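**Student:** The working numbering puts the sequence shown at residues -7 to 106.
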Amino acid sequence: MVTVCRGCCCGSAAKHPGVDHGEQVARLRAAVGDAGRVRVSECLDACGHSNVVVVNPSPRGRENGARPVWLGWVLGEDMVTEIAEWVRAGGPGVAEAPATLELQEFDLRKGARS
């Protein structure tokens, strides 16, 4: 499952005026297809990293010890494509994340709201 934050800062045209946030979610849903589910959430309390997307491991990924992966600054079309390709390949715990996604990863426990 992929969770897309669309709360107070994520999805905000005021904060990210050049991004079509609705189209971003639609593209992600289409690109993920049957490989997973994409849901939209209210604020995930990680505003300093907007736009935030959380990629949850599949049952197989959880069996392999994977945890949800929090990605920040998901603003470009290339990020949407890479997230979808990773999910289709199995996601956390099954397939290695693309290097560019690893650069976007953050640890929510270290504080992210700003």
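Where a beta carbon is used, it is the ideal one built from N, C-alpha and C, also for glycine. What you are looking at is a predicted structure, and each value in this text was computed from that prediction instead of being measured.
For residue 29, which three-state DSSP category applies?
**Tutor:** Numbered from 1 along the sequence shown, position 37 holds the residue referred to as residue 29. Reduced to three states, the DSSP call for residue 29 is coil.
**Student:** Should residue 9 go down as buried or exposed, given a rule of 16 or more other Cβ atoms within 10 Å for buried?
**Tutor:** Indexing the sequence shown from 1 puts residue 9 at position 17. Label assigned to residue 9: exposed.
**Student:** Quick one: residues in its chain with C-beta nearer than 8 Å to the C-beta of residue 52, no 5 flanking neighbours on either side, listed in chain order?
**Tutor:** Here residue 52 corresponds to residue number 60 of the sequence shown, with the count starting at 1. Excluding positions up to five away in sequence, the list reads 82, 85 and 86.
**Student:** Nearest-angstrom Cα distance between residue 90 and residue 78?
**Tutor:** Here residue 90 is taken as the residue at index 98 of the sequence shown, counted from 1. Here residue 78 is taken as the residue at index 86 of the sequence shown, counted from 1. Their Cα atoms are separated by approximately 7 Å.
**Student:** Please classify residue 95: is it buried, with 16 or more other beta-carbons within 10 angstroms of its beta-carbon, or exposed?
**Tutor:** Position 103 of the sequence shown, counted from the start, is the residue given in the question as residue 95. Exposed, by the Cβ-count rule.
**Student:** Would DSSP call residue 20 helix, strand or coil?
**Tutor:** Within the sequence shown, numbered from 1, the residue matching residue 20 stands at position 28. Three-state result, residue 20: helix.
**Student:** Going by DSSP, what residue range makes up the beta strand (DSSP E) through residue 62?
**Tutor:** Stepping through the sequence shown from its first residue, residue 62 is reached at position 70. Residues 61 to 63.
**Student:** If I follow the unbroken alpha helix (DSSP H) through residue 72, where does it start and stop?
**Tutor:** If you number the sequence shown from 1, residue 72 lands on position 80. That run of the alpha helix (DSSP H) goes 69 to 81.
**Student:** Count the CB pairs spanning the segment 19 to 31 and the segment 53 to 61 that are closer than 8 Å, and state whether there are at least three.
**Tutor:** No: the two stretches stay apart, fewer than three of their Cβ pairs being nearer than 8 Å.
**Student:** Could you tell me if residue 140 is buried or exposed, where buried requires 16 or more neighbouring beta carbons within 10 angstroms of its beta carbon?
**Tutor:** Outside the displayed span of the chain (-7 to 106) sits residue 140, for which this structure offers no information.
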